[in-house]
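A.B. asks: Per the numbering used here, residue 14 is the first one in the sequence shown, and the count goes up by one each step. Think of the CB as a built atom: it goes at the ideal place given N, C-alpha and C, for glycine as much as any other residue. All values derive from a computational prediction rather than experimental measurement. Submitted below is the structure of interest, expressed as structure tokens.
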Amino acid sequence: MQNPNGTILQLYHAGRLAAALRAFESLPSSSPASAAAPAPLTAATYAALVSACSRLRSLPQGRRVHRHLVASSSSSPDAQLAGNTVLGNHLITMYGRCAAPDSARQVFDEMPARNPVSWASVIAAHVQNGRAGDALGLFSSMLRSGTAADQFALGSAVRACTELGDVGTGRQVHAHALKSERGSDLIVQNALVTMYSKNGLVDDGFMLFERIKDKDLISWGSIISGFAQQGFEMEALQVFREMIVEGSHHPNEFHFGSAFRACGAVGSWEYGQQIHGLSIKYRLDRDLYAGCSLSDMYARCKKLDSARIAFYRIEAPDLVSWNSIVNAYSVEGLLSEALVLFSEMRDSGLRPDGITVRGLLCACVGCDALYHGRLIHSYLVKLGLDGDVSVCNSLLSMYARCSDLPSAMDVFHEIKDQDVVTWNSILTACAQHNHPEEVLKLFSLLNKSEPSLDRISLHNVLSASAELGYFEMVKQVHAYAFKAGLVDDGMLSNTLIDTYAKCGSLDDAMRLFEIMGNNRDVFSWSSLIVGYAQFGYAKEALDLFSRMRSLGIRPNHVTFIGVLTACSRVGFVNEGCYYYSIMEPEYGIVPTREHCSCIIDLLARAGKLTEAANFIDQMPFEPDIIMWKTLLAASKMHNDMEMGKRAAEGILNTDPSHSAAYVLLCNIYAASGNWNEFARLKKAMRTSGIKKSPGKSWVKLKGELKVFIVEDRSHPESEEIYAMLELIGIEMIKAGYVPNHSWKHAIVDHIDSDLFNEEMLAEYG
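Quick look at the structure:
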């Protein structure tokens with residue numbers, strides 16, 4: 014090939030880029046110094062070759078062309094080709110598009126002469142490769158050098174501000190564009206619309222969009238995408254509709270993708286179907302981007318069959334598309350269907366990633382899914398994903414959802430780089446499985462090893478502290494929140510108030526409540542009202558309620574639980590019934606089971622057992638065990654055996670193994686002297702294997718939480734504990750306490766011996 018310039022340029026202009034590069038590589042030794050070297054390559058040929066590498070994103074070939082260019086600069090008729098500004102600009106662009114910004118910068122720095130295109134190219138190379146900060150630095154250097162920024166440099170600078178979320182600098186660039194009379198250039202305007210809309214200033218972006226005289230596809234796409242991403246879905250769909258009606262431009266896959274996302278976000282599958290039909294008209298429903306967005310839209314609208322059909326129409330679905338459809342079924346808990354899709358994805362030759370596995374783990378809920386969860390666990394280890402913290406966090410949560418807390422703990426301890434999500438997951442798991450002691454132990458470790466706890470971590474610890482009544486831990490959490498700057502978080506402050514109140518420290522709860530000042534909301538008020546009510550400070554609770562109403566703060570359902578509880582504690586029957594009666598008419602709060610339980614407790618405590626029973630009969634829903642237990646306890650207090658029997662029957666109809674119902678009913682029979690019924694019930698309990706749940710208490714000693722259970726001999730210091738209890742019992746007798754065993758003698762005198770024997774009597778002696 015004696016004259017390669019013509020051949021290479023002909024192939025390049027014919028669009029045969031790869032062939033043009035092969036022609037270059039077929040030159041003898043690809044070196045101009047060869048003895049048999051053909052005619053040297055011209056600047057135009059090098060420009061074509063660099064451009065071909067740029068368009069093909071072929072960095073290795075681009076570097077070979079660059080080396081050849083440098084080597085040929087001394088012998089070429091075009092003297093100093095390596096210093097040619099136009100070729101340098103092409104090289105910068107090529108390196109930028111091939112993800113080599115450092116090489117682009119090196120070429121730029123070595124250029125003997127630069128023009129505005131050089132600056133624009135190197136700025137764009139950095140923006141394209143995630144170097145937005147460096148891009149703005151170059152833009153600033155360009156202005157200082159006295160070079161006027163063209164529309165391309167300004168557009169790249171605005172895009173850099175978009176990536177950084179730096180609207181302030183973006184406004185400065187906008188002002189410079191207006192001053193230099195580039196503000197009306199379409200490239201700059203489109204970049205500004207994107208910057209404003211993506212950074213939450215949608216009104217500014219839309220105002221600028223409307224001022225664009227000759228809108229192109231990028232203009233429409235920028236504002237539609239901006240509206241959709243910022244939660245203005247209906248506005249996005251309206252602009253999309255205006256684009257169709259305007260008719261100057263046909264929407265592309267990106268416009269359809271934004272429109273489908275907007276439909277999915279608002280759950281408007283009917284409108285989505287119409288846009289789906291339009292995408293078929295433009296033959297874009299099978300496009301990878303538009304098709305994936307379409308499938309996702311149907312999935313978000315709970316139309317999984319349509320989502321699956323849309324997915325199968327995509328010509329060449331990639332891993333992102335497969336992950337999307339697998340996750341769609343997983344989110345709905347359809348594990349079997351998700352696994353079928355997962356199997357199809359593997360058959361297509363794609364290798365699952367962490368997102369795939371996390372989606373499958375999300376579908377594993379309940380004990381029935383534990384088997385599949387373990388299989389997925391084994392598979393992700395095989396894939397080498399067990400070192401991915403996000404995957405391990407999902408795995409931990411899966412075991413917790415499947416009620417396998419030991420396995421969740423094992424996964425937790427195996428994670429090397431535990432993050433806040435890891436700790437939150439295990440703390441939540443322990444809290445949900447009623448292991449508050451474990452939550453507090455983990456918090457002690459967390460506080461030492463993880464410097465940045467978030468409010469979710471602290472909320473879990475506070476919930477466990479409230480469960481255990483562990484006041485000292487609440488103080489520690491409060492101190493940590495203050496130190497970490499989280500004390501101004503309204504939700505966390507409300508949780509602290511609630512926990513202080515549940516631990517009985519009402520003074521601390523009130524102090525924090527007052528400190529909150531104008532940040533107090535209905536949850537702050539409700540937490541304090543409920544706290545005062547539960548500890549019998551009815552007057553304070555009702556005074557707070559009056560103060561709250563006077564400030565115009567509308568109560569919620571929790572507020573009324575506190576108010577009704579306060580009335581119940583002090584016997585304000587009329588007031589409690591009044592507050593109950595105004596809930597729905599004045600505040601639109603439909604009474605729940607909790608409110609009804611409060612009214613039953615209010616009436617029962619006041620001895621109005623018949624009214625309480627009538628209230629139960631008139632409720633719009635079936636009474637639960639708590640309501641019947643309330644009535645049963647009041648029946649014992651007021652020695653009403655018939656009402657007690659009815660309440661106990663209500664409990665046992667719901668839960669035949671409920672030991673508390675048997676115990677309370679036995680106490681009623683004993684108190685009323687009905688010993689035969691007492692004995693018959695005890696015998697039924699014994700025959701059915703029903704035992705009273707043992708009491709439990711705890712105390713923290715020398716930094717360790719000690720748990721005690723009634724009649725438990727497993728404690729390592731049980732001998733010392735029972736010896737101390739013996740001493741306490743002796744001291745109680747010395748102080749004048751006399752145990753009441755008179756009812757046992759009454760049993761012996763009145764009951765049928767067939768119903769009760771000495772062994773049963775010894776159980777209660």
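Hey, residue 780 and residue 593: beta-carbon distance below 8 angstroms or not?
C.D. replies: What is shown of the chain runs 14 to 778, which leaves residue 780 out entirely.
A.B. asks: I want to see whether chain D comes within less than 8 angstroms of residue 57, judged by CB atoms only; does it?
C.D. replies: Of the chains in the structure shown, none is chain D; there is only one protein chain.
A.B. asks: Using only CA atoms, which one of 359, 696, 216 lies nearest to residue 330?
C.D. replies: Considering only alpha carbons, the answer is 359.
A.B. asks: Quick check on residue 595: buried or exposed, where buried means 16 or more other Cβ atoms within 10 Å of its Cβ?
C.D. replies: Exposed, because fewer than 16 other Cβ atoms sit within 10 Å of the Cβ of residue 595.
A.B. asks: Apart from the five residues on each side of it in sequence, which residues of its chain come closer than 7 angstroms, Cβ to Cβ, to residue 584?
C.D. replies: 618, 619.
A.B. asks: Do residue 232 and residue 269 have their CB atoms nearer than 8 angstroms?
C.D. replies: No, Cβ-Cβ distance for residue 232 and residue 269 is not below 8 angstroms.
A.B. asks: Taking contact to mean 3 or more Cβ pairs, one atom from each stretch, closer than 8 angstroms, check whether the region 147-167 and the region 126-136 are in contact.
C.D. replies: Because the criterion of three Cβ pairs below 8 angstroms is met, the region 147-167 and the region 126-136 touch.
A.B. asks: DSSP three-state call for residue 757: helix, strand or coil?
C.D. replies: Any reading at residue 757 needs caution, since the residue's pLDDT is 45, under 50, leaving its predicted position unreliable; the model's value is listed next. If DSSP states are grouped into helix, strand and coil, residue 757 belongs with the helices.
A.B. asks: Compute the Euclidean distance between the alpha carbons of residue 92 and residue 82, then round it to the nearest angstrom.
C.D. replies: Below a pLDDT of 50, predicted positions are generally treated as unreliable, and residue 92, at 46, falls in that range; the measurement from the model is reported next regardless. Straight-line Cα distance between these residues: approximately 11 angstroms.
A.B. asks: Skipping 5 residues on each side, what residues in its chain have a beta carbon closer than 6 angstroms to that of residue 661?
C.D. replies: Only 645, 674, 678 meet the Cβ criterion.
A.B. asks: So what does DSSP say about residue 126, is it helix, strand or coil?
C.D. replies: Reduced to three states, the DSSP call for residue 126 is coil.
A.B. asks: Give me, in chain order, the residues of the same chain whose beta-carbon lies closer than 8 angstroms to that of residue 455; leave out the 5 immediate sequence neighbours on both sides.
C.D. replies: Same-chain partners within the cutoff: 436, 439, 440, 443.
A.B. asks: Alpha carbon to alpha carbon, how far is residue 340 from residue 349?
C.D. replies: Going from the Cα of residue 340 to the Cα of residue 349 covers about 12 angstroms.
A.B. asks: Among 259, 498, 260, 271, which has the Cα closest to the Cα of residue 248?
C.D. replies: If we check each option's Cα against that of residue 248, 271 comes out closest.
A.B. asks: Which of helix, strand or coil does DSSP assign to residue 152?
C.D. replies: Three-state DSSP puts residue 152 in a helix.
A.B. asks: Could you give the C-beta distance for residue 467 and residue 433, rounded to a whole number, given that I count them as a contact under 8 angstroms?
C.D. replies: 6 angstroms between Cβ atoms; contact.
A.B. asks: Using the C-alpha atoms, what's the distance from residue 116 back to residue 250?
C.D. replies: Between residue 250 and residue 116, the C-alpha separation is close to 43 angstroms.
A.B. asks: Take residue 125 and list the residues in its own chain whose beta-carbon comes closer than 6 angstroms to its own, dropping the five residues that flank it on each side.
C.D. replies: Cβ neighbours of residue 125 beyond the five flanking positions: 96.
A.B. asks: Rounded to whole angstroms, what is the Cα-Cα separation between residue 228 and residue 262?
C.D. replies: Going from the Cα of residue 228 to the Cα of residue 262 covers about 9 angstroms.
A.B. asks: Taking just the CA atoms, how far does residue 371 sit from residue 429?
C.D. replies: If I take the Cα positions, the gap works out to 18 angstroms.
A.B. asks: What did DSSP end up calling residue 243 once you bin it into helix, strand or coil?
C.D. replies: Residue state, collapsed to three classes: coil.
A.B. asks: Buried or exposed: where does residue 417 fall if 16 or more other Cβ atoms within 10 Å of its Cβ makes it buried?
C.D. replies: Per the 10 Å Cβ criterion, buried.
A.B. asks: In whole angstroms, give me the CA-to-CA distance for residue 698 and residue 522.
C.D. replies: In a straight line, the C-alpha of residue 698 is about 44 angstroms away from that of residue 522.
A.B. asks: With H, G and I counted as helix, E and B as strand and the rest as coil, what does DSSP make of residue 52?
C.D. replies: Coil.
A.B. asks: Helix, strand or coil for residue 543, going by three-state DSSP, please let me know.
C.D. replies: Three-state result, residue 543: helix.
A.B. asks: DSSP state of residue 603, grouped into three classes?
C.D. replies: Note: residue 603 maps to coil in three-state DSSP.
A.B. asks: Between which residues of its own chain and residue 186 is the CB-CB distance below 6 angstroms, once the five residues before and five after are set aside?
C.D. replies: Cβ neighbours of residue 186 beyond the five flanking positions: 170, 171.
A.B. asks: Could you please give the first and the last residue of the uninterrupted alpha helix (DSSP H) stretch that includes residue 112?
C.D. replies: Element bounds for residue 112: n/a, residue is neither H nor E.
A.B. asks: Using 8 angstroms as the threshold, is the C-beta distance between residue 323 and residue 308 below it?
C.D. replies: Result yes, Cβ atoms of residue 323 and residue 308 sit closer than 8 angstroms.
A.B. asks: If we count the other Cβ atoms within 10 Å of its Cβ and call it buried at 16 or more, is residue 298 buried or exposed?
C.D. replies: With 16 or more other Cβ atoms within 10 Å, it is buried.
A.B. asks: Closest by CA to residue 458, which one among 425, 482, 86?
C.D. replies: That would be 425, whose Cα lies nearest to the Cα of residue 458.
A.B. asks: Is the distance from the Cβ of residue 209 to the Cβ of residue 217 below 8 angstroms?
C.D. replies: Taking 8 angstroms as the Cβ cut-off, residue 209 and residue 217 qualify as a contacting pair.
A.B. asks: Looking at residue 145 and residue 167, is the spacing between their C-beta atoms short of 8 angstroms?
C.D. replies: No; because the gap between Cβ atoms is not below 8 angstroms, this pair is not in contact.
A.B. asks: So, with DSSP's three-state summary, where would you put residue 256?
C.D. replies: In the structure shown, residue 256 sits in a helix (DSSP, three-state: H, G or I).
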